[in-house]
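Asks:
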Amino acid sequence: MENLVDGVTEPDPAALEVALTETERLSQLVDHLLDLSRLDAGVIHLDLEGVELTPFLHEVVDAAALAAGGRDVRWIVDVDPPDLSVAADAARLHQVIHNLLENAARHSPAGGRIHIRASRTGEDDGVRIDVDDEGPGIAREDRDRVFERFQRGGAADSSGGTGLGLAIARWAVGLHGGTIEVLDDPRSTGAQEGRSSLIRVVIPDHGPVA
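Here's what the structure looks like:
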């Protein structure tokens, strides 16, 4: 909304629709944070539904691009096959991917590319979603603890992160019985130094959802 008021983003219908959607999501932020506390006390219910990943990921990218405030990055979505879907809680999965994209945009260089790829797992028993950017990446020794609360890749920075995004992502993926981890990125020269920006989310197949 600040971007719209300040003239950074044109107040056209598309931008206003995305802004409204994000405002509604922010109204759920307190519930999401309370969920982190509830997680320690018991099981949280998931509203599973069939999520078509091509339109879903483009929707998340639209929201992340607006939240990035016109930052000079390129968003690339690749879903194989294009009609790929997954049984998931759409709100929780949006929370996961949005947090990953927000983190990627924050650390991407000007003109950098952010890739979002979705495909079946090799065992064909779930779906994997990869997010990677062209930023400095996460050091190998920090790959586990970046998913802990209030961690920022093992070092303080001025990028504006709260240190909660990846922790919330891990929590939401765990609710689905899935995994999230930082992997070596063979396309990145940074991987030779043990650093990588490739984060993979795997959501297992929960079977058909009505």
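All residue numbers for the sequence shown refer to the working numbering, where the first residue is 4 and numbers rise by one. C-beta: ideal position from N, C-alpha, C; glycine also.
For R77, which of V11, A113, G125 has the nearest alpha-carbon?
Replies: Locating residue 77 in the sequence shown gives position 74, where the first residue counts as 1. Comparing Cα positions, the closest option is A113.
Asks: Quick one: give me the first and last residue of the beta strand (DSSP E) that R131 is part of.
Replies: Along the sequence shown, read from residue 1 onward, the residue named residue 131 stands at position 128. Here the beta strand (DSSP E) through R131 covers 129 to 135.
Asks: Under a Cβ-count criterion, where at least 16 other Cβ atoms within 10 Å of its own Cβ denotes burial, should H48 be classed as buried or exposed?
Replies: Residue 48 sits at position 45 when you count from the first residue of the sequence shown. Classified as exposed, H48 has fewer than 16 neighbouring CB atoms from the shown chains inside 10 Å of its CB.
Asks: Determine which residues share a DSSP beta bridge with P207 and list them.
Replies: The residue given as residue 207 occupies position 204 in the sequence shown. DSSP lists G129 as partners of P207.
Asks: Starting from the C-beta of G197, find all residues in its chain whose C-beta is less than 7 Å away, skip the five residues before and the five after it, and write them out in chain order.
Replies: Counting from one through the sequence shown, the residue named residue 197 turns up at place 194. Hits under 7 Å: A142, R143.
Asks: For a test of the three-state rule: what should DSSP assign to V149, helix, strand or coil?
Replies: Counting from one through the sequence shown, the residue named residue 149 turns up at place 146. Residue state, collapsed to three classes: helix.
Asks: Quick one: what's got a C-beta closer than 8 Å to V54's C-beta in the same chain, skipping five residues either side?
Replies: For the purposes of this step, residue 54 is taken as the residue at position 51 of the sequence shown. Here the set comprises S88, V89, A90, A91, A93, L96.
Asks: Let's test the definition: count the other Cβ atoms within 10 Å of the Cβ of I202 and tell me whether it reaches 16, buried, or not, exposed.
Replies: Within the sequence shown, numbered from 1, the residue matching residue 202 stands at position 199. Around the beta-carbon of I202, 16 or more other beta-carbon atoms lie within 10 Å, marking it buried.
Asks: For S200, does the count of other Cβ atoms within 10 angstroms reach 16, so buried, or fall short, so exposed?
Replies: Your numbering for residue 200 matches position 197 in the sequence shown. Buried, because 16 or more other Cβ atoms sit within 10 Å of the Cβ of S200.
Asks: If you compare alpha carbons, which of H61, I183, V11 is closest to R146?
Replies: The residue you call residue 146 lines up with position 143 of the sequence shown. Each of H61, I183, V11 was checked against the Cα of R146, and the nearest Cα belongs to I183.
Asks: Are the beta-carbon atoms of G181 and P207 separated by less than 8 Å?
Replies: Working through the sequence shown from its first residue, we reach residue 181 at position 178. Working through the sequence shown from its first residue, we reach residue 207 at position 204. The answer is yes: Cβ separation under 8 Å.
Asks: Roughly how many whole angstroms lie between the Cα atoms of S122 and H61?
Replies: As a position in the sequence shown, residue 122 is number 119, starting the count at 1. As a position in the sequence shown, residue 61 is number 58, starting the count at 1. Cα to Cα, S122 sits roughly 15 Å from H61.
Asks: Determine the direct distance from the alpha carbon of E105 to that of V205, and round the result to whole angstroms.
Replies: Counting from one through the sequence shown, the residue named residue 205 turns up at place 202. Counting from one through the sequence shown, the residue named residue 105 turns up at place 102. Cα-Cα distance, rounded: 19 Å.
Asks: Give the range of the alpha helix (DSSP H) segment to which E62 is assigned.
Replies: Stepping through the sequence shown from its first residue, residue 62 is reached at position 59. For E62, the enclosing alpha helix (DSSP H) covers residues 56 to 70.
Asks: So D92 is in the beta strand (DSSP E); what residue range does that whole segment cover?
Replies: Within the sequence shown, residue 92 is the residue found at index 89, counting from 1. From DSSP, the beta strand (DSSP E) with D92 extends over 88 to 92.
Asks: What is the rounded straight-line gap between the Cα of A17 and the Cα of L36?
Replies: Your numbering for residue 17 matches position 14 in the sequence shown. Your numbering for residue 36 matches position 33 in the sequence shown. Looking at the two C-alpha atoms, the distance is approximately 29 Å.
Asks: In the DSSP output, which residue or residues are listed as bridge partners for T182?
Replies: Position 179 of the sequence shown, counted from the start, is the residue given in the question as residue 182. T182 pairs with V205.
Asks: Closest by CA to S111, which one among I132, L7, D136, N102?
Replies: Start at 1 with the first residue of the sequence shown, and residue 111 comes out as number 108. Selected option, being the one with the closest Cα: D136.
Asks: Do you know offhand how far G115's Cα is from G138's?
Replies: Mapped onto the sequence shown, residue 115 falls at position 112. Mapped onto the sequence shown, residue 138 falls at position 135. Those two C-alpha atoms are separated by around 8 Å.
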